[in-house]
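Student: Submitted below is the structure of interest, expressed as C-alpha cells.
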Ligand code: GAP
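Numbering (this note's numbering), first residue to last: -10 to 514.
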C-alpha cells in the first residue's frame, strides 16, 4: 500500500537541491537530458559520505567481505549468459502517432470521446495523397474537440511533409471524423491521448559498439547492474583473497538502464549508481543469510539517519520474484511521492555462477577442503541504489521550523537535519565580524586545525544570523563562532574558547579550541 504523497514538499526539495547546489539537471543549458543528473558541490559530498559509510560498514568493518571495481563495458557474452540480453525488458506500449512509449503497467484509465480522423493532402500536381491509417486520439473529459482536431491537422501535415516536399503540398484536409464515448480505458497514451499499440517488450540495456566497426560483432551494452562483474570475477577473487565460505564481494559503481519513464526527480534515472554485495554461501545457509542481510541493511539506513518508521520491508510475492530466487525482500521508504523501493535483498541461489560456468566453459566451483567436495556456491545479494538513498536522505532531512531573526523576530527556517555522519559539510567556522583582524586570524587558525580531520567551511560574509541560516539550509550540523571572548577581551578565562552551535537545537556551548577536534569527531563518527 502506498503512503500518502506530498507534491508541494517534493517541489520545495527539488528547488532547494538546485538552489544550494546538490543536484542539477544534466546538460541543462541545452535543455537537459531526461533521466540524467549532475551532482553539484554539496551533492557530491553527500553522495561520497554515503558511499564511504557503506564501504566502511560492508567491507572495512568485516573480515568476510572484500571489494572490487569492475569495468562498465564487458564482453557481450556476459549479458547473454546472465539472461539480460534476452529478458531484461519492460512491457511497453507506444502512442501510434507520437511514438512516445509508456510502461504497460503505468497507463492510468481515462475517459472522454475517441476521435478517428482520416486525412489527405492535395499535392500541386493534382494527384491525391491520402493517409490510409486513421489517426485515433482521445479527447479527454474537459478538453475541447478543436484541440484534438488541431493535433490531427498537425499530425497529418507532418506525415505529408515526409511524403512530399513542403512546397508540393497545396492543401491539407481532414476527410472525416468519427467519434465514440470511452469510459475508463487504458488504451490511450496518458500525455498525448493517442491510441496505444499492444504491449511489446523493450530491452532496457543501452547498446554500444566497442572498436572500429558498428556491427553485431562489436556490439555490447552499458552494464545495467554492477553484480555481473562480481560473478565473472568470482574465481579470481576467491583465489587471491583466500576467503572461505561464507564470504562476500562488494562493489559500488555506475549502472545504466534506458528506463522508459524516468521520474520522481532522481528516483528513476537512466544513469545511476549501485552499491552491491554478493555474499556467497553454502546452499543450506541461503535462507538464514537472507534474513541476516535484511536486518543488517535496515540497521544501515537507521545509522545514516533514516527513521525506522519510514522504512518498510516488502516480501516480494512468488509470482513477482525472479524464477531463480528463493526469497526476495524490497526495503522501501516513504518518499513524498509515495512508498518506493530503496534496495532489494535477494537470495539468488546458484543461478548466476551456474549460468556463467555453463556459458564460459570455465569452472566457477568452490572446493571445500573439509568435505573435499566441489560445488557452485549460492549467493545472497543486498543491492542498494546510491541515488535513491541520497534522495531519501534529503527527503528525510528536509524540515521547516521557526528561528529568531537578527531582531529576535521569529521567522521560518529551512533546515536539512542530516545525520552528522553523512552531512556534506561537518562544521562551519565564523569570525563574528569580518573587519576585525584578530577574529579573522583566529577563525582561520581553527580552520587549519580542523581541516585534516574533517570537511569544514569558512564564512565571514554577512550578519552572523544569516550565516547560520545558510548553513542550516545545507545541513551543516555544527557552527563554530570566534567572538571577543575568544580573544580574552572580556574575561581572560575565556581566551581561546569559542561557541559551538548545534544545528538542530540551535543551542550554543562554550568549548576550548584545542578540544574541538575530539568533540567534533566524537559527534560525527
Ligand atoms: N543486481 C540486482 C539489481 O540490480 P534491482 O532491484 O534492479 O536489482 C537494485 O536494482 C537497486 O538499484 C534498486 O533497489 C534501486 O535502488 C537501484 N535502481 C535500480 N534501477 C534504478 C533507476 N532506474 N534509477 C535509480 N536507481 C535504480
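Ideal Cβ placement from N, Cα and C applies to all residues, glycine included.
Treat the numbers as computed from the prediction; the structure is a model and nothing was measured.
#1: Residue 98: which of 38, 50, 107 and 174 sits nearest, CA to CA?
#2: Looking only at its chain, what residues have a beta carbon closer than 8 Å to the beta carbon of residue 81, apart from the 5 residues adjacent to it on each side?
#3: Among 412, 208, 186 and 442, which one has its Cα closest to the Cα of residue 462?
#4: Quick one: grab the DSSP three-state call for residue 506.
#5: Is it buried or exposed for residue 217, if we count other Cβ within 10 angstroms and need 16 for buried?
#6: Where does residue 19 land, buried or exposed, given buried means 16+ other C-beta within 10 angstroms?
#7: Report the CB separation of residue 26 from residue 15 in whole angstroms; it is logged as a contact under 8 Å.
#8: Based on the DSSP secondary-structure assignment, which residues constitute the bridge partners of residue 171?
#9: Who are the near neighbours of residue 515 in its chain, counting only those whose CB is closer than 6 Å to its CB and skipping five residues on each side?
#10: Rounding to the nearest angstrom, what Cα-Cα distance links residue 298 and residue 185 in this structure?
#11: Can you give me the Cβ contacts of residue 170 inside the same chain, cut-off strictly under 7 Å, excluding the 5 residues immediately before and after it?
#12: Let me check you understand the geometry: is the CB of residue 376 closer than 7 Å to at least one non-hydrogen atom of ligand 1?
#13: Take the Cβ of residue 198 as the centre, count every other Cβ of all protein chains shown within 10 Å, and call the residue buried at 16 or more, exposed below.
#14: Helix, strand or coil for residue -8, going by three-state DSSP, please let me know.
#15: What's the gap between the Cα of residue 32 and the Cα of residue 43?
#16: Residue 317 to residue -2, Cα distance in whole Å?
#17: If you reduce the DSSP assignment to three classes, tell me which class residue 519 lands in.
#18: What is the residue span of the beta strand (DSSP E) that residue 192 lies within?
#19: Kindly say whether residue 48, judged by its beta-carbon, lies nearer than 8 Å to any beta-carbon of chain B.
#20: Assuming residue 382 and residue 35 are in contact, meaning their beta carbons sit under 8 Å apart, how far apart are those beta carbons, in whole angstroms?
#21: Which whole-angstrom value is the C-beta distance of residue 213 and residue 77, which I expect to be below 8 Å?
#22: Using a threshold of 8 Å, state whether the C-beta atoms of residue 343 and residue 320 are closer than that.
#23: Could you tell me the boundaries of the alpha helix (DSSP H) in which residue 347 lies?
#24: What's the gap between the Cα of residue 242 and the Cα of residue 467?
#25: Comparing the CB of residue 373 with every heavy atom of ligand 1, is any distance shorter than 7 Å?
#26: Take every Cβ of the segment 249 to 268, pair it with every Cβ of the segment 373 to 381, and state whether three or more of those distances are shorter than 8 Å.
#27: Tell whether a beta-carbon distance below 8 Å holds between residue 355 and residue 227.
#28: Give the DSSP bridge partners of residue 14, in chain order.
Tutor: Inspection of the coordinates gives the following:
#1: One-based indexing of the chain shown puts residue 98 at position 109. Selected option, being the one with the closest Cα: 174.
#2: For the purposes of this step, residue 81 is taken as the residue at position 92 of the chain shown. Leaving aside the five residues that flank residue 81 on each side, the residues in its chain whose CB is nearer than 8 Å to its CB run, in chain order, 90, 91, 92, 93, 188, 189, 190, 191 and 249.
#3: As a first step, residue 462 is located in the chain shown; it is residue number 473 there, counting from the start. Nearest of 412, 208, 186 and 442 to residue 462, Cα basis: 412.
#4: Taking the first residue of the chain shown as 1, we reach residue 506 at position 517. If DSSP states are grouped into helix, strand and coil, residue 506 belongs with the helices.
#5: The residue you call residue 217 lines up with position 228 of the chain shown. It counts as buried.
#6: Within the chain shown, residue 19 is the residue found at index 30, counting from 1. Exposed, because fewer than 16 other Cβ atoms sit within 10 Å of the Cβ of residue 19.
#7: As a first step, residue 26 is located in the chain shown; it is residue number 37 there, counting from the start. As a first step, residue 15 is located in the chain shown; it is residue number 26 there, counting from the start. That belief holds up - the Cβ atoms of residue 26 and residue 15 are roughly 6 Å apart, short of 8 Å.
#8: Looking up residue 171 in the chain shown gives position 182. Per DSSP, the beta-bridge partners of residue 171 are 101.
#9: It is not possible to answer for residue 515, since the shown part of the chain is limited to -10 through 514.
#10: Translated into the one-based positions of the chain shown, residue 298 becomes position 309. Translated into the one-based positions of the chain shown, residue 185 becomes position 196. If you take the alpha carbons of residue 298 and residue 185, they lie about 40 Å apart.
#11: What you label residue 170 is simply residue 181 of the chain shown in a count that begins at 1. 102, listed in sequence order.
#12: The residue you call residue 376 lines up with position 387 of the chain shown. True, at least one ligand heavy atom lies under 7 Å from that Cβ.
#13: The count along the chain shown starts at 1 and reaches residue 198 at position 209. Residue 198 comes out exposed.
#14: As a first step, residue -8 must be located in the chain shown, where it is residue number 3. Unreliable placement is indicated for residue -8, whose pLDDT of 45 sits below 50; no coordinate value is reported for it.
#15: Working through the chain shown from its first residue, we reach residue 32 at position 43. Working through the chain shown from its first residue, we reach residue 43 at position 54. One C-alpha to the other measures close to 17 Å.
#16: Translated into positions along the chain shown, residue 317 becomes position 328. Translated into positions along the chain shown, residue -2 becomes position 9. Rounded to whole angstroms, residue 317 to residue -2 spans 31 Å at the Cα level.
#17: Past the edges of the chain, shown from -10 to 514, lies residue 519, and the structure says nothing about it.
#18: As a working mapping, residue 192 is identified with position 203 in the chain shown. Residues 189 to 192.
#19: In the displayed structure, chain B is absent; only one protein chain is listed.
#20: The residue given as residue 382 occupies position 393 in the chain shown. The residue given as residue 35 occupies position 46 in the chain shown. Indeed they touch by this definition, with Cβ atoms about 7 Å apart.
#21: Within the chain shown, the letter at position 224 stands for residue 213. Within the chain shown, the letter at position 88 stands for residue 77. The C-beta distance from residue 213 to residue 77 rounds to 6 Å, short enough to fall under 8 Å.
#22: Sequence index remark: in the chain shown, residue 343 carries index 354 (1-based). Sequence index remark: in the chain shown, residue 320 carries index 331 (1-based). No; because the gap between Cβ atoms is not below 8 Å, this pair is not in contact.
#23: Taking the first residue of the chain shown as 1, we reach residue 347 at position 358. 340 to 349 is the extent of the alpha helix (DSSP H) around residue 347.
#24: Indexing the chain shown from 1 puts residue 242 at position 253. Indexing the chain shown from 1 puts residue 467 at position 478. For residue 242 and residue 467, the distance between alpha carbons rounds to 31 Å.
#25: Along the chain shown, read from residue 1 onward, the residue named residue 373 stands at position 384. Indeed, a heavy atom of ligand 1 lies less than 7 Å from the Cβ.
#26: Segments in contact, yes.
#27: In the chain shown, the residue the question calls residue 355 occupies position 366. In the chain shown, the residue the question calls residue 227 occupies position 238. Their beta carbons are under 8 Å apart, which means residue 355 touches residue 227 by this criterion.
#28: Taking the first residue of the chain shown as position 1, residue 14 is located at position 25. According to DSSP, residue 14 bridges with 26.
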